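In this note's numbering, the protein residues as written are 10 to 150.
Here's the structure we're looking at; comments come further down.
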(Lines of atoms letter the chains of each structure in order from A; the text may use other names.)
(Lines give C-alpha, C1' and ligand atoms only; values in the text may rest on other atoms or scores of the structure.)
Protein backbone atom coordinates (compact mmCIF):
# COMPACT_ATOMS: atom_id res chain seq x y z
CA UNK A 10 0.00 0.00 0.00
CA UNK A 11 1.28 3.46 -0.84
CA UNK A 12 1.22 5.77 2.14
CA UNK A 13 1.40 9.49 2.72
CA UNK A 14 4.56 10.94 4.18
CA UNK A 15 5.40 14.55 4.76
CA UNK A 16 8.21 15.85 2.65
CA UNK A 17 6.89 14.90 -0.76
CA UNK A 18 7.28 12.08 -3.21
CA UNK A 19 10.00 9.46 -3.21
CA UNK A 20 12.47 9.72 -6.08
CA UNK A 21 14.48 6.54 -5.52
CA UNK A 22 13.92 3.82 -8.14
CA UNK A 23 11.80 0.96 -6.86
CA UNK A 24 10.57 2.86 -3.81
CA UNK A 25 6.88 3.58 -3.54
CA UNK A 26 5.71 7.14 -3.86
CA UNK A 27 3.17 9.27 -2.07
CA UNK A 28 -0.06 9.20 -4.06
CA UNK A 29 -1.44 12.03 -1.97
CA UNK A 30 1.28 14.34 -3.31
CA UNK A 31 0.22 15.91 -6.65
CA UNK A 32 3.85 15.85 -7.82
CA UNK A 33 4.29 12.12 -7.23
CA UNK A 34 4.84 10.16 -10.46
CA UNK A 35 2.66 7.33 -9.14
CA UNK A 36 -0.24 9.73 -8.63
CA UNK A 37 0.30 11.20 -12.08
CA UNK A 38 0.24 7.70 -13.59
CA UNK A 39 -2.95 6.85 -11.71
CA UNK A 40 -4.49 10.07 -13.03
CA UNK A 41 -3.72 8.92 -16.58
CA UNK A 42 -4.78 5.28 -16.32
CA UNK A 43 -7.82 6.03 -14.17
CA UNK A 44 -9.84 7.72 -16.90
CA UNK A 45 -12.88 6.11 -18.47
CA UNK A 46 -11.36 6.46 -21.94
CA UNK A 47 -8.15 4.68 -20.96
CA UNK A 48 -10.16 1.85 -19.46
CA UNK A 49 -12.22 1.49 -22.62
CA UNK A 50 -9.22 1.65 -24.97
CA UNK A 51 -7.37 -0.99 -22.95
CA UNK A 52 -10.49 -3.20 -22.93
CA UNK A 53 -10.92 -3.04 -26.71
CA UNK A 54 -7.22 -3.64 -27.38
CA UNK A 55 -7.16 -6.52 -24.85
CA UNK A 56 -10.10 -8.18 -26.63
CA UNK A 57 -8.03 -8.21 -29.83
CA UNK A 58 -4.65 -9.07 -28.31
CA UNK A 59 -2.18 -9.93 -29.64
CA UNK A 60 -3.65 -8.48 -32.85
CA UNK A 61 -3.66 -4.80 -33.74
CA UNK A 62 -6.62 -2.45 -34.05
CA UNK A 63 -6.77 0.51 -36.40
CA UNK A 64 -7.60 3.98 -35.09
CA UNK A 65 -10.95 4.15 -36.93
CA UNK A 66 -11.96 0.75 -35.54
CA UNK A 67 -11.12 1.85 -32.00
CA UNK A 68 -13.23 4.96 -32.45
CA UNK A 69 -16.12 2.91 -33.82
CA UNK A 70 -16.00 0.48 -30.89
CA UNK A 71 -15.91 3.18 -28.18
CA UNK A 72 -19.19 5.11 -28.47
CA UNK A 73 -18.99 8.73 -27.38
CA UNK A 74 -15.23 9.21 -27.71
CA UNK A 75 -14.18 12.07 -29.95
CA UNK A 76 -11.35 11.73 -32.44
CA UNK A 77 -9.28 14.19 -30.40
CA UNK A 78 -9.86 12.40 -27.07
CA UNK A 79 -9.00 9.03 -28.62
CA UNK A 80 -5.84 10.52 -30.10
CA UNK A 81 -4.80 12.11 -26.78
CA UNK A 82 -5.55 8.89 -24.87
CA UNK A 83 -3.56 6.76 -27.31
CA UNK A 84 -0.61 9.18 -27.26
CA UNK A 85 -0.51 8.93 -23.47
CA UNK A 86 -0.71 5.13 -23.53
CA UNK A 87 2.04 4.91 -26.16
CA UNK A 88 4.25 7.32 -24.19
CA UNK A 89 3.81 5.20 -21.04
CA UNK A 90 4.73 2.03 -22.94
CA UNK A 91 1.30 0.45 -22.50
CA UNK A 92 0.40 0.54 -26.20
CA UNK A 93 2.50 0.05 -29.33
CA UNK A 94 1.78 2.13 -32.43
CA UNK A 95 2.57 1.08 -36.00
CA UNK A 96 2.12 3.30 -39.05
CA UNK A 97 1.71 1.96 -42.58
CA UNK A 98 3.03 4.56 -44.99
CA UNK A 99 0.10 4.45 -47.36
CA UNK A 100 -2.17 7.22 -48.58
CA UNK A 101 -3.85 7.90 -46.23
CA UNK A 102 -1.57 6.41 -43.56
CA UNK A 103 -2.99 3.41 -41.69
CA UNK A 104 -2.23 3.55 -37.98
CA UNK A 105 -2.45 0.37 -35.88
CA UNK A 106 -2.38 -0.06 -32.10
CA UNK A 107 -1.86 -3.06 -29.82
CA UNK A 108 -1.26 -3.57 -26.13
CA UNK A 109 2.31 -4.23 -25.04
CA UNK A 110 3.02 -6.82 -22.34
CA UNK A 111 2.90 -3.99 -19.81
CA UNK A 112 -0.46 -2.88 -21.20
CA UNK A 113 -1.80 -6.42 -21.03
CA UNK A 114 -0.82 -6.52 -17.35
CA UNK A 115 -3.08 -3.48 -16.78
CA UNK A 116 -6.14 -5.20 -18.24
CA UNK A 117 -6.58 -7.49 -15.19
CA UNK A 118 -6.88 -4.69 -12.62
CA UNK A 119 -9.11 -2.63 -14.93
CA UNK A 120 -11.32 -5.67 -15.60
CA UNK A 121 -11.64 -6.24 -11.85
CA UNK A 122 -12.75 -2.64 -11.41
CA UNK A 123 -15.33 -3.02 -14.21
CA UNK A 124 -16.67 -6.21 -12.59
CA UNK A 125 -16.88 -4.44 -9.23
CA UNK A 126 -18.82 -1.57 -10.81
CA UNK A 127 -21.22 -3.91 -12.61
CA UNK A 128 -21.75 -6.00 -9.47
CA UNK A 129 -22.45 -3.02 -7.22
CA UNK A 130 -24.38 -0.83 -9.67
CA UNK A 131 -27.79 -1.74 -8.17
CA UNK A 132 -26.57 -0.64 -4.72
CA UNK A 133 -25.11 2.57 -6.13
CA UNK A 134 -28.37 3.27 -8.02
CA UNK A 135 -30.42 2.75 -4.82
CA UNK A 136 -28.12 5.06 -2.88
CA UNK A 137 -28.37 7.73 -5.59
CA UNK A 138 -32.16 7.45 -5.67
CA UNK A 139 -32.33 7.83 -1.90
CA UNK A 140 -29.99 10.82 -1.97
CA UNK A 141 -31.84 12.46 -4.87
CA UNK A 142 -35.27 11.87 -3.34
CA UNK A 143 -34.52 12.92 0.22
CA UNK A 144 -35.84 16.45 0.79
CA UNK A 145 -34.03 16.71 4.13
CA UNK A 146 -30.63 16.39 2.43
CA UNK A 147 -31.22 18.97 -0.29
CA UNK A 148 -29.15 22.11 0.06
CA UNK A 149 -26.77 20.49 2.55
CA UNK A 150 -23.15 19.85 1.55
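Beta carbons are placed, not taken as given, at the ideal position from N, Cα and C, and that holds for glycine.
Please read these numbers as outputs of a predicted model, since none were measured by experiment.
Counting the other CB atoms within 10 Å of its CB gives residue 49 a total of 16 or more, which places it among the buried residues. Under the three-state reduction of DSSP output, residue 98 falls in the coil class, being neither helix nor strand. In the assembly as shown, residue 40 is an exposed residue. Its beta-carbon has fewer than 16 other beta-carbons within 10 Å.
Annotated as proximal: residue 94 and residue 106, with beta-carbon spacing under 7 Å. Exposed is the label assigned to residue 117, since fewer than 16 other Cβ atoms lie within 10 Å of its Cβ.
Cβ contact annotation for residue 86 (same chain, cutoff 6 Å, sequence separation greater than five): 92, in chain order. By the neighbour-count definition (other C-beta atoms within 10 Å, threshold 16), residue 108 is a buried residue. By the neighbour-count criterion, in which 16 or more other beta carbons inside 10 Å mark a residue as buried, residue 81 falls on the exposed side. For residue 108, DSSP records a beta bridge to 92. Beta-bridge pairing by DSSP links residue 63 to 105. Rounded to whole angstroms, the separation of the alpha carbons of residue 26 and residue 34 is 7 Å. Two segments are said to touch when three or more pairs of C-beta atoms, one from each, lie closer than 8 Å; by this definition the region 135-143 does not touch the region 65-79. The C-alpha of residue 104 is placed about 13 Å away from the C-alpha of residue 79. In the displayed model, residue 28 falls within coil according to three-state DSSP, outside both helix and strand. With fewer than 16 other CB atoms across the displayed protein chains lying within 10 angstroms of its CB, residue 43 is exposed.
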